[in-house]
Amino acid sequence: MALGMAVVMIIHIRSKFTAVGRKEIITSFYLYMALTVCSLVLDTGVTPPGSAAMPYFAAVQNGLTSAMCTSLLINGFVGFQLYEDGTALSVWLLRFSSLGMGLVSGAISLLTFQGWAGLSPTNTVAMFVVLYVLNALCLAIYVIMQIILVVNTLQDRWPLGHITFGVFFFVAGQVILYVFSDTVCEGVQHYLDGLFFVTFCNLLSVMMIYKYWDSITKEDLEFSVGLKQNNWEVKELLPEEERRATFYVDTNSEYAGSMYHNRSSAHGGHPAY
Numbered sequence: 000m001a002l003g004m005a006v007v008m009i010i011h012i013r014s015k016f017t018a019v020g021r022k023e024i025i026t027s028f029y030l031y032m033a034l035t036v037c038s039l040v041l042d043t044g045v046t047p048p049g050s051a052a053m054p055y056f057a058a059v060q061n062g063l064t065s066a067m068c069t070s071l072l073i074n075g076f077v078g079f080q081l082y083e084d085g086t087a088l089s090v091w092l093l094r095f096s097s098l099g100m101g102l103v104s105g106a107i108s109l110l111t112f113q114g115w116a117g118l119s120p121t122n123t124v125a126m127f128v129v130l131y132v133l134n135a136l137c138l139a140i141y142v143i144m145q146i147i148l149v150v151n152t153l154q155d156r157w158p159l160g161h162i163t164f165g166v167f168f169f170v171a172g173q174v175i176l177y178v179f180s181d182t183v184c185e186g187v188q189h190y191l192d193g194l195f196f197v198t199f200c201n202l203l204s205v206m207m208i209y210k211y212w213d214s215i216t217k218e219d220l221e222f223s224v225g226l227k228q229n230n231w232e233v234k235e236l237l238p239e240e241e242r243r244a245t246f247y248v249d250t251n252s253e254y255a256g257s258m259y260h261n262r263s264s265a266h267g268g269h270p271a272y
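Under numbering that gives the first Met the number 0, the first residue of the sequence shown carries the number 0, and numbering increases by one thereafter.
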């Protein structure tokens, strides 16, 4: 479900051709898709616990988590127009920052799992700082910047509701995972655990991020090249003879009599009934 919703949100973002920060925010959703795929591999037992591949997949998952949090942090600056969005500077600043933080987080995680470079599974301080402290800081700065952006630049206050719900779902997911996971698992006889509910809460949080971005960005329809199925445009006027010969086929319409049969009255004649 998370992958399906991510695809839908990406399609909607791509359809807003002239929206501010489109290229930047879509990177975060691509990272979310990659993170979801990696989480599925780990959570469904494709890589069993204790296998040789398990530490590497877990390190990739941690790296993608940090990369996504970093991408949201950089996205937080886009709305302030410190630099023009959609340019090479804006896009590659986000990509390189996310890639760099992802590599650092993944490397520290792998070193910790494998017990390399002085780190070990019993010495997880570095991994804790990268995964929890820095990521939480990135998310907190993003939320604060978006609140400032809405309060100072927008008249509409509805986006604050999207931010509030996003924070609520994210915090609820973390509480369920780290506090009530065992209780939930025992309550449903081990058919589910906290990972199911935290995945659902994280999906709702990401959906609120999309909803917030969609609510504060307005597409310039004049320059949009999206689908325009119902647009009307007069190419050229019909010659007088053709215009006189043109009539409405739908004679059952209540306007048919006044629009066609009374035409002769406009030229001084008598209406035809």
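Even glycine gets a Cβ: it sits at the ideal position worked out from N, Cα and C.
Compute the distance between the beta-carbons of residue 65 and residue 129, then report whether it is under 8 Å.
yes
Could you check whether the region 69-82 touches the region 37-49, counting it as contact only if at least three pairs of C-beta atoms, one from each stretch, sit closer than 8 Å?
no
Let's test the definition: count the other Cβ atoms within 10 Å of the Cβ of residue 5 and tell me whether it reaches 16, buried, or not, exposed.
buried
Taking the alpha-carbon positions, what's the residue 168 to residue 51 distance?
Their backbone Cα atoms lie some 34 Å apart in a straight line.
Roughly how many angstroms separate the alpha carbons of residue 55 and residue 116, rounded to a whole number?
16 Å
If you run the structure through DSSP and keep just helix, strand and coil, what is residue 97?
helix
Excluding the five sequence neighbours on either side, which residues of its own chain have a C-beta within less than 8 Å of the C-beta of residue 146, listed in chain order?
Result list for residue 146: 159 and 162, in chain order.
What does DSSP give as the partner residue(s) for residue 122 in the beta ladder?
119
Which residue spans inside the region 141-227 form an unbroken alpha helix (DSSP H) run of at least 4?
157-177, 180-186 and 193-215
Helix or strand or just coil, what does DSSP make of residue 84?
coil
Could you check how far apart the C-beta atoms of residue 216 and residue 22 are, in whole angstroms? I think they sit under 8 Å.
Not quite, the Cβ-Cβ distance comes to about 12 Å (not below 8 Å), so this is no contact.
Using only the alpha-carbon positions, how far apart do residue 48 and residue 113 sit?
14 Å
Going by CA-CA distance only, name the one from 10, 9, 75 and 177 that's closest to residue 136.
The shortest C-alpha separation from residue 136 is found at 75.
How about residue 198 and residue 57: are their beta carbons less than 8 Å apart?
no
Would a C-beta distance cut-off of 8 Å place residue 101 and residue 63 closer than the cut-off?
yes
Given that a residue counts as buried once 16 or more other Cβ atoms are within 10 Å of its Cβ, and exposed if not, what is residue 60?
buried
Measure the alpha-carbon distance for residue 10 versus residue 133 and round it to whole angstroms.
30 Å
Quick check on residue 127: does DSSP put it in helix, strand or coil?
helix
Beta-carbon separation of residue 191 and residue 178 under 8 Å?
The answer is no: Cβ separation not under 8 Å.
Closer than 8 Å by C-beta to residue 98: which residues in its own chain qualify, once you throw out the five before and the five after it? Chain order, please.
66
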